[in-house]
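Peer 1: Sharing a structure here in structure tokens format.
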Amino acid sequence: MRRSPHASTLRATDRALPLVTALALALAGCTADEPAAPPDRPADVAGTVDRDDRGPRLVDASDPYYEGMALLSASTVVLDADGGRVDGDALDDGDVVEAWADVCAESFPVQCQVLAVRRSPRMASCVRSKPPSEAGCVATVQRAENHGSISRRGR
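For the sequence shown, numbering that gives the first Met the number 0 assigns the number 0 to the initial residue and increments by one for each residue that follows.
Okay, here's the thing in structure tokens:
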């Protein structure tokens, strides 16, 4: 019985094809799970960042359900006020943020899969207006001053 000179090439191809297919599927799965940043819907909650030994959490929440919620989970996307991605360490005490949550476990504080956190662009406009022009800005600026994240000299 005589072997074809292409027999070893066919065997190598037969082995390589499933490996390449599995690798392509694995890589496609990695990018498909990445969440949109932020999701294309209004934020679930807004509030102020309070850092403790466990990391940043939400205080002064616009919805009391989210009061005390941890802001960072394994896949949380953190954005600055302009929408650029930043590290979770960029969230400072007193930052005003918006958060998008997914599945939440009923507990106190609530434990949610936080999809995205964005520093509120409204905070920047509140700090720039002297004196703050709307009631929400007054409360926002006062909370930030209390946390020490801004200083409003000459007010």
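Note that CB positions come from ideal geometry on N, CA and C, so glycine has one too.
Computed from a prediction, not measured in an experiment: that's the story for all the values here.
Helix, strand or coil for Pro55 per DSSP?
Peer 2: In the sequence shown, residue 55 corresponds to position 56, counting from 1. Of the three classes helix, strand and coil, the one that applies to Pro55 here is strand, per DSSP.
Peer 1: Looking at the structure shown, is Gly93 part of a helix, part of a strand, or coil, going by DSSP?
Peer 2: Mapped onto the sequence shown, residue 93 falls at position 94. If DSSP states are grouped into helix, strand and coil, Gly93 belongs with coil.
Peer 1: Using DSSP with H/G/I as helix, E/B as strand and the rest coil, what is Gly87?
Peer 2: Position 88 of the sequence shown, counted from the first residue, corresponds to residue 87. If DSSP states are grouped into helix, strand and coil, Gly87 belongs with the helices.
Peer 1: What are the start and end residues of the beta strand (DSSP E) that includes Leu78?
Peer 2: Taking the sequence shown and counting its residues from 1, the one referred to as residue 78 is at position 79. That run of the beta strand (DSSP E) goes Val76 to Leu78.
Peer 1: Under the DSSP definition of a beta bridge, which residues are partnered with Asp49?
Peer 2: Position 50 of the sequence shown, counted from the start, is the residue given in the question as residue 49. DSSP lists Arg56 as partners of Asp49.
Peer 1: Smallest Cα separation from Arg158: which of Arg84, Asp79 and Leu70?
Peer 2: Past the boundaries of the shown model lies residue 158; the chain is included only from 0 to 154, so the question cannot be answered.
Peer 1: Can you tell me the Cβ-Cβ gap for Leu78 and Arg117, rounded? I've got them flagged as a contact below 8 Å.
Peer 2: As a working note, residue 78 is residue 79 in the sequence shown. As a working note, residue 117 is residue 118 in the sequence shown. The Cβ separation is near 4 Å, so the contact holds.
Peer 1: Beta-carbon separation of Thr47 and Asp59 under 9 Å?
Peer 2: On the sequence shown, residue 47 is found 48 positions in, with the first residue counted as 1. On the sequence shown, residue 59 is found 60 positions in, with the first residue counted as 1. Yes, the pair counts as a contact, with Cβ atoms nearer than the cut-off.
Peer 1: When the Cα of Pro55 is compared with those of Ala100, Trp99, Ser106 and Asp94, which residue comes out closest?
Peer 2: Sequence index remark: in the sequence shown, residue 55 carries index 56 (1-based). The shortest C-alpha separation from Pro55 is found at Asp94.
Peer 1: Decide if Asp43 is buried, meaning its Cβ has at least 16 other Cβ atoms within 10 Å, or exposed.
Peer 2: For this step, residue 43 is matched to residue 44 along the sequence shown. Buried.
Peer 1: Assign Ala104 to buried or exposed, taking buried as 16 or more other Cβ atoms, counted over all protein chains shown, within 10 Å of its Cβ.
Peer 2: Sequence index remark: in the sequence shown, residue 104 carries index 105 (1-based). Counting Cβ neighbours within 10 Å, Ala104 comes out exposed, since fewer than 16 surround it.
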